[in-house]
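Asker:
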C-alpha cells in the first residue's frame with residue numbers, strides 16, 4: 001500500500017505496519033536506490049510529519065531495522081527526487097521513504113566522523129543522511145551519501161538474486177565522497193547537472209581523507225532483541241555450569257563430613273543451599289560479526305535429601321536427590337533500546353558418590369529441567385517468551401592426600417561436564433521466527449583444593465578451611481543460528497577460578513558451609529565475575 005496526499009499535512013501521524021512484504025510494485029528503481037516510497041505529500045509537510053510506531057519496522061522476517069525518513073523542502077535529509085514522484089502536481093513535494101539503517105560500530109570514535117548534510121536541488125534523489133551510512137545499496141535500503149545520478153522512476157521487478165536476501169553483508173567498494181565524487185561506474189543516461197567535476201586527474205587515484213569522507217565500514221542495524229537471542233545459549237550454559245559446580249561442592253561436603261555423622265543415624269539428611277553471582281561476558285566476535293558483551297546475574301536455591309548409604313569394608317557409596325530453582329537475568333551491553341530480560345530455571349538432579357579407603361572417589365550427577373523467560377526491549381517492551389529444556393551430566397574424579405600431621409589435605413580433581421539445550425520455536429512481535437534449535441557443549445574443569453582441618457576439643461565439632469584453584473575449558477565447534485541470515489554465536493571460552501571456603505560441623509546433626517569465588521576469563525571470549533554460596537545440612 002502507498003498513501004498519496006494532495007494538500008498540506010500538519011502535526012505528526014504515527015504509522016503502523018503489519019506483516020509488511022516485498023512486492024514488485026513497492027520496489028523502486030533498478031538497484032541504485034532501493035528504498036520504498038510509502039507516503040507522498042504534494043503540499044506542505046515536515047520531516048517528522050509521519051513516523052513509525054516504536055521507531056522502526058522489519059521486512060519479510062529479517063532482523064534488520066527499517067526507518068521512515070522524510071525528504072522534501074528544508075528537510076535535513078535532502079529534497080525529494082522528482083523522478084520518484086507519484087503524487088500529482090508540479091514543483092516540490094514530500095516523499096516519506098522506508099529505508100534500511102546502517103550503524104558505525106564504535107571501534108575508534110576518533111575515526112568515526114559524521115557526514116554533514118548537503119543540499120543538492122538538482123539531484124533530489126540522493127539525500128545525504130546526517131548519520132554515517134553505508135554507500136552500498138541493498139534490497140529495500142537507500143544508499144544515502146553516494147553521488148550516483150537519478151534513475152528511472154518506473155517501478156521494476158527486483159532480480160531473483162536481490163529478492164532472495166534482503167540483508168547482504170555490507171562489504172562495499174570504496175565509494176566517492178560527496179565532496180569529491182568519482183564517476184567510476186556506468187551512469188544513468190540522464191546525468192545530474194549539479195554534479196561537480198572532480199579536480200583529480202585520475203578517477204581511481206586515492207584521495208586525501210577529509211572530515212566529510214566516511215572511513216569506517218558499517219553494519220546493518222538489527223532489532224534490539226536479537227543480541228539477547230544470540231547471547232542466551234551461552235548465558236544458560238553458564239547458569240548450568242554454576243549449578244553443576246555448586247552441586248559438586250555439595251557432594252564434597254557430604255563426602256568429607258556427613259558420612260561419619262550418618263553412621264550413627266539411620267535417618268536421612270536434608271540440606272538447603274543458596275548461591276549466586278554476577279558476571280560479565282565478553283565475545284570473541286567483532287562488532288562487524290554481531291558480537292555482543294553482556295551482564296549476567298544468576299541466583300539459585302537448592303534443596304536435597306541424602307537417601308541411601310552403602311558401607312562396605314573398603315569403600316562407601318551414597319545416593320540422593322536435589323531440586324534447584326534459579327533466576328537468570330541477561331542484559332546485552334552497548335545495544336540501543338536493549339533491556340534486561342529474566343529467565344527462570346527448574347531442575348531435578350540425581351547424585352551418587354563412591355569413595356574407597358585410600359581416598360580415591362568418583363562423583364556423578366544427572367540433571368534435567370526446564371527454562372522459561374520473557375525477552376524485553378525498550379522499543380517493544382515484551383517481544384517474545386522463550387522456553388525449552390536443559391539436561392546436564394557431570395562426572396568428577398579425585399584423590400585425597402594427607403600432607404604431614406598438621407591436618408592439611410590436598411585434593412586434586414578432574415570434572416567432565418556435558419550440557420544440552422533444546423529451545424522451543426516461537427515468533428516474536430517483529431514477526432521474526434526465533435528457532436534457536438538445540439545446542440550441546442562439553443567442558444573440562446580440573447584443579448584442586450587445599451584443606452586445613454581444625455578439630456576442637458568437642459569430638460562432634462569439626463571445622464575446616466580451604467582454598468581452591470580450577471581451570472575450565474569448553475570444547476565444541478562454532479555455533480550458528482538463523483534469522484533468514486546466519487548469525488554466529490560467541491564462544492563460551494575458558495576461565496580460571498579461585499576461591500576460599502569453610503565447613504563447620506556444629507553438632508552431630510547440624511552443619512554449615514560457605515564459600516566465595518572469583519572467576520576470570522583467560523581467552524578472548526568468556527565469563528568473569530564473583531559468586532558466593534552458603535548452605536545448611538540437618539540430620540533427621
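Residue numbers (full-length UniProt numbering): 1 to 540. Glycine is no exception: its CB is placed at the ideal position from the N, C-alpha and C atoms.
Given a cut-off of 8 Å, decide if residue 366 and residue 375 are closer than it, judged by their beta-carbon atoms.
Answerer: On the chain shown, residue 375 is found 375 positions in, with the first residue counted as 1. On the chain shown, residue 366 is found 366 positions in, with the first residue counted as 1. Contact: no.
Asker: Just reading off the alpha helix (DSSP H) that residue 57 is part of, what are its end residues?
Answerer: Indexing the chain shown from 1 puts residue 57 at position 57. Where residue 57 is concerned, there is no enclosing alpha helix (DSSP H), given that its DSSP letter is neither H nor E.
Asker: Can you check whether the CB of residue 9 is closer than 8 Å to the CB of residue 45?
Answerer: For the purposes of this step, residue 45 is taken as residue 45 along the chain shown, with counting starting at 1. For the purposes of this step, residue 9 is taken as residue 9 along the chain shown, with counting starting at 1. Contact flag set, yes.
Asker: Kindly give me the distance between the Cβ atoms of residue 218 and residue 102, rounded to whole angstroms, as I take these residues to be in contact under 8 Å.
Answerer: Position 218 of the chain shown, counted from the start, is the residue given in the question as residue 218. Position 102 of the chain shown, counted from the start, is the residue given in the question as residue 102. Indeed they touch by this definition, with Cβ atoms about 4 Å apart.
Asker: Give the DSSP-derived three-state secondary structure of residue 381 in the structure shown.
Answerer: Taking the chain shown and counting its residues from 1, one reaches residue 381 at position 381. Strand.
Asker: Looking at the structure shown, is residue 99 part of a helix, part of a strand, or coil, going by DSSP?
Answerer: The sequence position of residue 99 within the chain shown is 99, counting from 1. Reduced to three states, the DSSP call for residue 99 is strand.
Asker: Is the separation between the beta-carbon of residue 269 and that of residue 461 shorter than 8 Å?
Answerer: On the chain shown, position 269 is the one that residue 269 refers to. On the chain shown, position 461 is the one that residue 461 refers to. Taking 8 Å as the Cβ cut-off, residue 269 and residue 461 do not qualify as a contacting pair.
Asker: Using only the alpha-carbon positions, how far apart do residue 410 and residue 482 sit?
Answerer: Position 410 of the chain shown, counted from the start, is the residue given in the question as residue 410. Position 482 of the chain shown, counted from the start, is the residue given in the question as residue 482. Roughly 48 Å between the two C-alpha positions.
Asker: Taking Cβ to Cβ, would you say residue 335 is nearer than 8 Å to residue 384?
Answerer: Residue mapping note: residue 335 aligns to position 335 of the chain shown, counting from 1. Residue mapping note: residue 384 aligns to position 384 of the chain shown, counting from 1. No.
Asker: Give me the Cβ distance between residue 546 and residue 492, rounded to the nearest whole Å; I'm assuming they're in contact under 8 Å.
Answerer: Any answer about residue 546 is impossible in this case: the structure gives the chain only from 1 up to 540.
Asker: Quick check on the DSSP output: what are the complete beta strand (DSSP E) runs of length 3 or more inside the stretch 472–507, in order along the chain?
Answerer: You should have 480–483, 485–488, 494–505.
Asker: Going straight from the alpha carbon of residue 578 to that of residue 327, what length do you get?
Answerer: Outside the shown range of the chain, which is 1 to 540, sits residue 578, and nothing can be said about it.
Asker: Measuring alpha carbon to alpha carbon, tell me which of 277, 337, 347, 62 ends up nearest residue 303.
Answerer: Numbered from 1 along the chain shown, position 303 holds the residue referred to as residue 303. For residue 303, the nearest C-alpha among the options comes from 347.
Asker: In the DSSP assignment, find the unbroken beta strand (DSSP E) run with residue 597 in it and report its ends.
Answerer: No statement about residue 597 is possible, as the shown extent of the chain runs from 1 to 540 and does not include it.
Asker: Helix, strand or coil: how does DSSP classify residue 84 here?
Answerer: As a first step, residue 84 must be located in the chain shown, where it is residue number 84. Helix.
Asker: Starting from the C-beta of residue 152, find all residues in its chain whose C-beta is less than 6 Å away, skip the five residues before and the five after it, and write them out in chain order.
Answerer: The sequence position of residue 152 within the chain shown is 152, counting from 1. Reliability of the predicted coordinates at residue 152 is poor, the pLDDT of 36 falling under 50, and the value obtained from them is presented with this limitation in mind. Cβ neighbours of residue 152 beyond the five flanking positions: none.
Asker: Quick check: what's the CA-CA separation for residue 526 versus residue 231?
Answerer: As a working note, residue 526 is residue 526 in the chain shown. As a working note, residue 231 is residue 231 in the chain shown. Spanning the two alpha carbons is a distance of roughly 12 Å.
Asker: So with Cβ pairs under 8 Å, would you call residue 373 a contact of chain D?
Answerer: In the structure shown, chain D does not exist; there is a single protein chain.
Asker: How many angstroms separate the CA atom of residue 496 from the CA atom of residue 530?
Answerer: Position 496 of the chain shown holds residue 496. Position 530 of the chain shown holds residue 530. About 12 Å.
Asker: Count the CB pairs spanning the stretch 226–241 and the stretch 318–332 that are closer than 8 Å, and state whether there are at least three.
Answerer: Cβ pair count under 8 Å is three or more, so yes.
Asker: Looking only at its own chain, which residues have a Cβ that is under 6 Å from the Cβ of residue 368, when we skip the five neighbours before and after it?
Answerer: For the purposes of this step, residue 368 is taken as residue 368 along the chain shown, with counting starting at 1. Only 391 meet the Cβ criterion.
Asker: Threshold first: 4 residues or longer. Then list the alpha helix (DSSP H) segments lying entirely within the stretch 223–254, N to C.
Answerer: The qualifying runs are 226–253.
Asker: In the DSSP assignment, what residue or residues form a beta bridge with residue 14?
Answerer: Residue mapping note: residue 14 aligns to position 14 of the chain shown, counting from 1. Paired residue(s): 51.
Asker: Alpha carbon to alpha carbon, how far is residue 518 from residue 450? Give it in angstroms, no decimals.
Answerer: The residue labelled residue 450 in the question sits at position 450 within the chain shown. The residue labelled residue 518 in the question sits at position 518 within the chain shown. Cα to Cα, the separation comes out at about 17 Å.
Asker: Looking at the structure shown, is residue 440 part of a helix, part of a strand, or coil, going by DSSP?
Answerer: In the chain shown, counting from the first residue as 1, residue 440 sits at position 440. Residue 440 falls in the strand class under three-state DSSP.
Asker: For residue 399 and residue 419, which I take to be in contact (beta-carbon distance under 8 Å), what is that distance rounded to the nearest angstrom?
Answerer: If you number the chain shown from 1, residue 399 lands on position 399. If you number the chain shown from 1, residue 419 lands on position 419. That belief does not hold up - the Cβ atoms of residue 399 and residue 419 are roughly 26 Å apart, past 8 Å.
Asker: Under a three-way DSSP split, which group does residue 278 fall into?
Answerer: Taking the chain shown and counting its residues from 1, the one referred to as residue 278 is at position 278. Three-state result, residue 278: strand.
Asker: Can you tell me whether DSSP reads residue 93 as helix, strand or coil?
Answerer: Your numbering for residue 93 matches position 93 in the chain shown. Residue 93: coil per DSSP, three-state reduction.
Asker: Which two residues bound the contiguous beta strand (DSSP E) that contains residue 320?
Answerer: In the chain shown, counting from the first residue as 1, residue 320 sits at position 320. Unbroken beta strand (DSSP E) run through residue 320: 315–332.
Asker: What whole-angstrom Cβ distance do residue 452 and residue 408 have, given they're in contact under 8 Å?
Answerer: In the chain shown, the residue the question calls residue 452 occupies position 452. In the chain shown, the residue the question calls residue 408 occupies position 408. Correct: roughly 6 Å between the Cβ atoms.
Asker: Which same chain residues, not among the five before or five after residue 17, have their C-beta less than 6 Å away from its C-beta?
Answerer: Taking the first residue of the chain shown as position 1, residue 17 is located at position 17. Cβ within range, chain order: 57.
Asker: Around the Cβ of residue 6, are there at least 16 other Cβ atoms within 10 angstroms (buried) or fewer (exposed)?
Answerer: Position 6 of the chain shown, counted from the first residue, corresponds to residue 6. Label assigned to residue 6: exposed.
Asker: For residue 523, which residues in the same chain have their Cβ closer than 6 Å to its Cβ, ignoring the five residues on either side in sequence?
Answerer: Translated into the one-based positions of the chain shown, residue 523 becomes position 523. Excluding residues within five positions, the ones whose Cβ falls inside 6 Å are 493, 494.
Asker: By alpha-carbon positions, which one of 235, 421, 289 ends up nearest to residue 546?
Answerer: Nothing can be reported for residue 546, as the shown portion of the chain is limited to 1 through 540.
Asker: Tell me whether the stretch 60–69 and the stretch 221–228 touch, counting them as touching only if at least three CB pairs, one residue from each stretch, are closer than 8 Å.
Answerer: The answer is yes - the stretch 221–228 touches the stretch 60–69, with three or more Cβ pairs under 8 Å.
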